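Its first residue numbered 18, the sequence shown is counted upward by one per residue in the working numbering.
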Amino acid sequence: MALAICAASPGAVVSAQASDSVHTQAPDGYGTKAQHFGFRKSTGGKLPSLGAEFQSLLKKHGAIFLGDTTKKELYLTFDNGYENGYTVRILDVLKEKKVPACFFVTGHYVQSQPELLKRMVQEGHLIGNHSWGHPDMSAMPPESIRSELDKLKTEVAAVTGQLQMAYMRPPQGIFSDRMLAVAKDLGYTNVFWSIAYVDWETKRQKGWKHAYDKVVGQLHPGAVILLHAVSSDNAEAMAAIIDEARRQGYEFKSLDALTVKHY
Numbered sequence: 018m019a020l021a022i023c024a025a026s027p028g029a030v031v032s033a034q035a036s037d038s039v040h041t042q043a044p045d046g047y048g049t050k051a052q053h054f055g056f057r058k059s060t061g062g063k064l065p066s067l068g069a070e071f072q073s074l075l076k077k078h079g080a081i082f083l084g085d086t087t088k089k090e091l092y093l094t095f096d097n098g099y100e101n102g103y104t105v106r107i108l109d110v111l112k113e114k115k116v117p118a119c120f121f122v123t124g125h126y127v128q129s130q131p132e133l134l135k136r137m138v139q140e141g142h143l144i145g146n147h148s149w150g151h152p153d154m155s156a157m158p159p160e161s162i163r164s165e166l167d168k169l170k171t172e173v174a175a176v177t178g179q180l181q182m183a184y185m186r187p188p189q190g191i192f193s194d195r196m197l198a199v200a201k202d203l204g205y206t207n208v209f210w211s212i213a214y215v216d217w218e219t220k221r222q223k224g225w226k227h228a229y230d231k232v233v234g235q236l237h238p239g240a241v242i243l244l245h246a247v248s249s250d251n252a253e254a255m256a257a258i259i260d261e262a263r264r265q266g267y268e269f270k271s272l273d274a275l276t277v278k279h280y
C-alpha cells in the first residue's frame, strides 16, 4: 500500500504500515491488532483505494471511507484536538459559503473551547467524537473504549445541548476490529477519510497555496475530506478550496446526507 495520511494529533506522525503490530484476540472474539489507517490517494481524478484488509474491516463494521462515487459530493470534516486560533476564521468562511462540516473534538477541546463548540452547533455543523483523551484505543478493553466515548458525548451535550452523537473518528487514525465493533455497538458510525495531507504540523506550514493544491489535487466524487483546524494554511485556503470545488461541479453535504458507502 502506498504511503498515506493518518489522522494524528498535531506533531504526531503515524506510519500507515501496521505489519509489525502485535495481534491478540479479545475475549469477545474481536481482534485487537492495531491498524494505522492508510489509503492510496486520488491522482488525476481517479478514485482512492484501500488495501484488502482495511476494506474488509471497514465494510464489516459499516465505517465510512467514501460516499456515493457516482455523484460529485464532498463531505468536509475537521479534527479539533486543541485550538490554535484558526477555527473562528474557518467557521466564518463556512458560514459565508453555506458549507456544512463535522468537527471531531477531544475532551481538551470541549473543556477549553465551549463557545466555539456552541457556535458550531448553532451554525448547523455536526460535532463528532474523537475520544476524551485521544488515546490509542485499539487494544483497550471494551469498557475503557466506552468510557472514552461516553464521557466526550456527555460533556458535549452539557455544553451545546447536542444530545445525539452519530459519528466517531479513531484517535491518531489507529483502530482495531474490536474498537470498531465497540463504537458501532454504541451507535456510532466510524468515519475515516479519502482526502488528507500532512497539515497538523503547525511549525511546518507552507502557505495557503500549498493547502489549496493538496486538497484540490485530490478531489473526487464522494470524497470525505479530513483537515486539521490548527493549520493556518487550511484557514487561509478554505474559501478558495470551496470556490474551486464548486466551480468543478462539486456540492458540499453534511455527513447526515451520506447514504451510500463505497469501499
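The C-beta atom is built at its ideal place from N, Cα and C for all residues, glycine as well.
Since we're looking at a predicted model, the values are computed, not measured.
Tell me which same chain residues have a C-beta within less than 6 Å of the C-beta of residue i, skipping the five on either side of it?
i: Y267; result: K89 and L91
i: H237; result: S59 and L64
i: L134; result: V176 and T177
i: G62; result: none
i: M185; result: N146, A200, Y205 and N207
Leaving aside the five residues before and after residue i along the sequence, list all residues of the same chain whose C-beta is less than 8 Å from its C-beta, in chain order.
i: G152; result: It is Pro, not Gly, that sits at residue 152 in the sequence shown. Within the same chain, P152 has close Cβ partners E165 and P188.
i: Y280; result: L67, Q72, L75, K76, F82 and L83
i: Y103; result: A246, V247, S248, S249, N251 and A252
i: K170; result: N146 and M182
If contacts are defined as beta-carbon pairs under 8 Å, then residue i and residue j qualify, I think. What distance do you get, rounded to the angstrom?
i: T49; j: A200; result: With a Cβ gap of about 14 Å, T49 and A200 do not count as contacting.
i: T123; j: S161; result: About 16 Å separates the two Cβ atoms, so there is no contact after all.
Below 7 Å CB to CB, which residues in the same chain sit around residue i once its five sequence neighbours on both sides are set aside?
i: L275; result: I81, G84 and Y92
i: M255; result: I107 and V110
i: R136; result: L108
i: K112; result: E140
Does DSSP put residue i in a helix, in a strand, or in coil?
i: H237; result: coil
i: A118; result: strand
i: M154; result: coil
i: T177; result: helix
i: M18; result: Low per-residue confidence applies at M18: pLDDT is 34, beneath 50, and the placement is therefore not dependable, though the value from the model is reported in the following sentence. Here M18 sits in coil by DSSP.
i: R106; result: helix
field: Contact between the stretch 167 to 183 and the stretch 213 to 221 (3+ Cβ pairs under 8 Å)
entry: no
Uninterrupted beta strand (DSSP E) stretches inside the stretch 72 to 96 (no shorter than 3 residues): Here no run is fully enclosed.
Complete runs of the alpha helix (DSSP H) confined to the stretch 123 to 151 [at least 4 residues]: 124 to 129 and 131 to 139
query: Within the chosen definition, does the stretch 97 to 104 reach the stretch 242 to 257 through at least 3 CB pairs nearer than 8 Å?
result: In short, these stretches touch, since the Cβ pair count reaches three.
query: Enumerated in chain order, which unbroken segments of the alpha helix (DSSP H) with a length of 4 residues or greater are wholly contained in the stretch 188 to 271?
result: Segments of the alpha helix (DSSP H) lying fully in the stretch 188 to 271: 194 to 202, 225 to 233 and 249 to 264.
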